[in-house]
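Asks: Residue numbering for the sequence shown follows our numbering, beginning at 1 and increasing consecutively. Please find one structure pasted underneath; my questions will follow.
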Amino acid sequence: MVILRMIHILSSVVWAGAVFFLTAVLQPAIAGGGPEAGRFMQRLASQSRFRLVMAIAPMLTVLSGLVLYGRVSAGFQNAWITSGAGLSLTVGALATLLTFVVFGVFQRPVAARLQVLGGEVQRSGGSPTGAQAAEMQVLQRRMRQTMWWATLLFDRHCPGDVRRAVHPTLRISISPTSSG
């Protein structure tokens, strides 16, 4: 049980930390970076372990969380789930599952398409065509919005001390419609 908790906590920290960093720091910095920013994001997505980490950490978080939730609730007993502690963990679990779905349904396809477009642009000499630039702008806006929603969901199920430590930065840096 201790090992399972450690896996859950560490994978949660990696996943939430990456989302907070991307949303509050990296995306605003990249927004005005032009072609160099695009090349950096292309390298981050294709030549680093970031994509692998962002695939494994959420899965470990959700799977270990479900097992822990099942154990602590004595097999998903309604009496425990509707208790104070049960409701608190249930809200956190639902927010985590919703975040997982948001990433799987919205973020992953957008990131994959951006990676394909970035590769096409690099192969054609480094400057996107008008159509490619327009599509990239739409996809980048969708990605910012998805990250914003994921950050809000994480904010709802992070422990209070983490939320208080990170939240002032996020309030300043995040807007679902801003370019940064």
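A virtual CB, placed ideally from N, CA and C, is assigned to each residue, including glycine.
Would you check if the region 52-62 and the region 89-100 touch, i.e. whether three or more CB-CB distances between them fall below 8 Å?
Replies: Yes: the two stretches touch, three or more of their Cβ pairs being nearer than 8 Å.
Asks: In chain order, what residues of the same chain lie with their CB nearer than 8 Å to the CB of M41, ignoring the 5 residues before and after it?
Replies: Excluding positions up to five away in sequence, the list reads I30, L114 and G118.
Asks: Does DSSP put G125 in a helix, a strand or coil?
Replies: Here G125 sits in coil by DSSP.
Asks: In the DSSP assignment, the alpha helix (DSSP H) including L10 goes from what residue to what residue?
Replies: V2 to F21 is the span of the alpha helix (DSSP H), which, as asked, contains L10.
Asks: Using alpha carbons as the reference points, say which of A79, G65 and S83 lies closest to L94.
Replies: Looking at the Cα atoms, G65 is the closest of the given residues.
Asks: With DSSP as the reference, label R49 as helix, strand or coil.
Replies: Reduced to three states, the DSSP call for R49 is coil.
Asks: Does the beta-carbon of R164 have 16 or more other beta-carbons within 10 angstroms, so that it is buried, or is it exposed?
Replies: The pLDDT assigned to R164 is 43, lower than 50, so where the model puts this residue is not dependable; a value taken from the coordinates is nonetheless given after this. Exposed: under 16 other Cβ atoms inside 10 Å.
Asks: Return helix, strand or coil for G189, following the three-state DSSP convention.
Replies: The structure shown has nothing for residue 189, since the chain only spans 1 to 180.
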